[in-house]
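Participant: Each position in the sequence shown, counted from 1, maps to that position plus 227 in the working numbering.
No residue lacks a Cβ here, since even glycine has one placed at the ideal position from N, Cα and C.
No experiment lies behind these values; they were computed from the predicted model shown.
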Amino acid sequence: MDFDYSPKTKELQKKLLQFMDDHIYPAESQYAAELAANTAIGKRWTPLQTVENLKAKAQAAGLWNLFMPVDTAEASGYHGAGLTNAEYAPLAEIMGRVLWSSEVFN
């Protein structure tokens, strides 16, 4: 059996790892500070600007809604990455390295 990742998955892993290094890890302290400030004023569940800004960058980088299959395009107008569960799993593992980062990519 071949347990190697597909070329598509390898390319997305590379892009995702770079995005994490360039944007997610450097934003961790900003995220924590913004969350603490919102919590202190009773707005714990207000969307964080840190995350909202990163969403636009993820979308521009082609890392948006990777979990969506190609067949969702007709119903939603969005053409998903067309990944299988096995292709998406290593990407989810990377996103899971920071508690809140998966929200950035969805």
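Alpha helix (DSSP H) containing residue 234: first to last residue?
Facilitator: Residue mapping note: residue 234 aligns to position 7 of the sequence shown, counting from 1. Residue 234 -> alpha helix (DSSP H) spans 234-246.
Participant: For the alpha helix (DSSP H) that contains residue 265, what are its first and last residues?
Facilitator: Stepping through the sequence shown from its first residue, residue 265 is reached at position 38. Looking at the DSSP string, the run of the alpha helix (DSSP H) that includes residue 265 is 252-267.
Participant: Could you check whether residue 282 and residue 250 sit closer than 7 Å to each other, using their CB atoms as the reference points?
Facilitator: If you number the sequence shown from 1, residue 250 lands on position 23. If you number the sequence shown from 1, residue 282 lands on position 55. No, these two residues do not count as a Cβ contact at 7 Å.
Participant: How do the segment 290-297 and the segment 229-243 stand: do at least 3 beta-carbon pairs fall below 8 Å, yes or no?
Facilitator: yes
Participant: Can you name, in chain order, every residue of its own chain whose Cβ lies under 6 Å from the Cβ of residue 275, other than the five neighbours on each side?
Facilitator: Indexing the sequence shown from 1 puts residue 275 at position 48. For residue 275, where only same-chain residues beyond five positions count, the Cβ hits under 6 Å are 261.
Participant: Hey, how far is the Cα of residue 273 from the Cα of residue 316?
Facilitator: For the purposes of this step, residue 273 is taken as residue 46 along the sequence shown, with counting starting at 1. For the purposes of this step, residue 316 is taken as residue 89 along the sequence shown, with counting starting at 1. Going from the Cα of residue 273 to the Cα of residue 316 covers about 29 Å.
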